[in-house]
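Just so we're aligned, residue 5 is where the sequence shown starts under the numbering used here, counting upward by one.
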Amino acid sequence: MILQFIFSFFATLFFSIIFNAPRRLLLPCGFVGAIGWIVYTIATEQGISMSISSFFGSLLLSLCALVFARLYKRPVIIFYVAGIIPLVPGGIAYDATKHLIISETNTAISKGVEAALVSGAIAFGIILAEILFQIFVTNNKFAKPKIVK
């Protein structure tokens, strides 16, 4: 598990470099991606489906990204773009395309639906994290600015 955390951390960090993230945000971006991947891995090891595991991974990843965006006063998209890379179902989409080309239609449809479900779960996790974070921030008395008279 520690090895997976380290590999996903560096994979996300290197994608942050490719996406030209600010230098001081490289470590937080790597951490965000590693957290998402570890949650996904733990969920799949517990027997949870790939799409639900991706949902949980993207939910926690998004919450971490929102916290880091507030902490560093930077747009949250910097953390989302690099952090979501380990969860994207590129291999499944590739398999769907490959099976479509070699005329294995049933397998291609199955893989295509699986890729769509995982992608939708990732998007839903991001949206739910945004909603939860906004509810928490607007209802938290410590997050509201204090007016001094």
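Cβ atoms here follow ideal geometry from the backbone N, Cα and C, with glycine treated the same way.
With contacts defined by Cβ atoms closer than 8 Å, residue 65 and residue 94 do not form a contacting pair.
Taking a cut-off of 8 Å for Cβ pairs, the region 19-39 and the region 95-115 do not touch, as fewer than three such pairs fall below it. Where residue 54 is concerned, the enclosing alpha helix (DSSP H) starts and stops at 54-76. Taking a 10 Å sphere around the C-beta of residue 77, we find fewer than 16 other C-beta atoms and assign the residue as exposed.
Check the Cα spacing between residue 80 and each of 22, 29, 43: the tightest is with 29. Between the region 5-14 and the region 41-58 there are three or more C-beta pairs closer than 8 Å, enough to call the two in contact.
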